[in-house]
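Peer 1:
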Amino acid sequence: NPISKQILNILYNEPFYFPKESICKVVLGEMQQKGIKKAIAEYDEKRKYMYDKYNFDISQILHIGWKLMDAGKYMEAIEIMEHVLPEYTNQYRIYNLLGELLYKTDNNKKAIEYFNSTLNIKPGNKFALEMISKINDKEN
Numbered sequence: 038n039p040i041s042k043q044i045l046n047i048l049y050n051e052p053f054y055f056p057k058e059s060i061c062k063v064v065l066g067e068m069q070q071k072g073i074k075k076a077i078a079e080y081d082e083k084r085k086y087m088y089d090k091y092n093f094d095i096s097q098i099l100h101i102g103w104k105l106m107d108a109g110k111y112m113e114a115i116e117i118m119e120h121v122l123p124e125y126t127n128q129y130r131i132y133n134l135l136g137e138l139l140y141k142t143d144n145n146k147k148a149i150e151y152f153n154s155t156l157n158i159k160p161g162n163k164f165a166l167e168m169i170s171k172i173n174d175k176e177n
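Under this note's numbering, residue 177 is the last one in the sequence shown; the count climbs by one each step, no gaps.
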């Protein structure tokens, strides 16, 4: 646990750092209050000017998408995931998430493109293969 390690470092007079704030909380909070456009603008602002203060790890980014998907806000999730995609092009999980979101909105052609992007990064990815098969079965 990173926080426990930092507490131990403080106790033993070792170098420590403060954990970064969750960009997920910022984006979701902004979206709830002011909408997706303002949330994306806030994300961009924090990324550009306060990168060291916020956690922009892929897990944080995916969590934004998953939370929106769980809330049934597919279009908002697609919009923000496509916005941040250029920063995470080597992360197959973001392509899987976008593929799933597009599948849920019946945009199967584009969903398959994203699942194929996953397979380019991580050949044999089970989720992507299953979803492509599911889409093909649905369309035939």
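Glycine included, C-beta positions come from ideal geometry on N, C-alpha and C.
Per DSSP, what are the beta-bridge partners of Ser59 in this structure?
Peer 2: What you label residue 59 is simply residue 22 of the sequence shown in a count that begins at 1. Answer is Asn92.
Peer 1: Which class does Phe53 belong to by DSSP, given the choice of helix, strand or coil?
Peer 2: Residue numbering aside, residue 53 sits at position 16 when the sequence shown is read from its first letter. Here Phe53 sits in coil by DSSP.
Peer 1: Roughly how many angstroms lie between the CA atoms of Glu124 and Leu134, to the nearest whole one?
Peer 2: Start at 1 with the first residue of the sequence shown, and residue 124 comes out as number 87. Start at 1 with the first residue of the sequence shown, and residue 134 comes out as number 97. Spanning the two alpha carbons is a distance of roughly 15 Å.
Peer 1: Looking only at its chain, what residues have a beta carbon closer than 6 Å to the beta carbon of Phe164, apart from the 5 residues adjacent to it on each side?
Peer 2: Position 127 of the sequence shown holds residue 164. So the list reads Asn133, once near-sequence residues are dropped.
Peer 1: Quick check: Ile95 and Ile117, are their CB atoms within less than 9 Å of each other?
Peer 2: Indexing the sequence shown from 1 puts residue 95 at position 58. Indexing the sequence shown from 1 puts residue 117 at position 80. Not closer than 9 Å, so no.
Peer 1: Could you say which of Leu48, Ile77, Asp174 and Lys159 lies nearest to Asn127 if we only look at CA atoms?
Peer 2: The residue labelled residue 127 in the question sits at position 90 within the sequence shown. Closest option to Asn127, Cα to Cα, is Lys159.
Peer 1: Among residues of its own chain, excluding the 5 on either side of Glu58, which ones have a beta-carbon nearer than 7 Å to its beta-carbon?
Peer 2: For this step, residue 58 is matched to residue 21 along the sequence shown. The residues are Lys90, Tyr91 and Asn92.
Peer 1: Entirely within the stretch 69–125 and at least 4 residues each: give me those alpha helix (DSSP H) ranges in chain order.
Peer 2: Fully enclosed alpha helix (DSSP H) runs of 4 or longer: 73–86, 95–107 and 111–121.
Peer 1: Can you name, in chain order, every residue of its own chain whose Cβ lies under 7 Å from the Cβ of Leu65, other than the five neighbours on each side?
Peer 2: If you number the sequence shown from 1, residue 65 lands on position 28. Cβ within range, chain order: Ile101 and Lys104.
Peer 1: Classify Ile30: buried if its beta carbon has 16 or more other beta carbons within 10 angstroms, exposed otherwise.
Peer 2: Nothing can be reported for residue 30, as the shown portion of the chain is limited to 38 through 177.
Peer 1: Please report how far the alpha carbon of Leu166 lies from the alpha carbon of Tyr151, in whole angstroms.
Peer 2: By one-based count along the sequence shown, residue 166 stands at place 129. By one-based count along the sequence shown, residue 151 stands at place 114. Taking the straight line joining both Cα atoms gives about 11 Å.
Peer 1: By the DSSP assignment, the alpha helix (DSSP H) with Lys163 in it spans what residues?
Peer 2: In the sequence shown, the residue the question calls residue 163 occupies position 126. Segment Lys163 to Glu176, the alpha helix (DSSP H) holding Lys163.
Peer 1: One question on the structure: do Ile60 and Tyr80 come within less than 9 Å of each other, judged by their Cβ atoms?
Peer 2: Mapped onto the sequence shown, residue 60 falls at position 23. Mapped onto the sequence shown, residue 80 falls at position 43. Yes, these two residues count as a Cβ contact at 9 Å.
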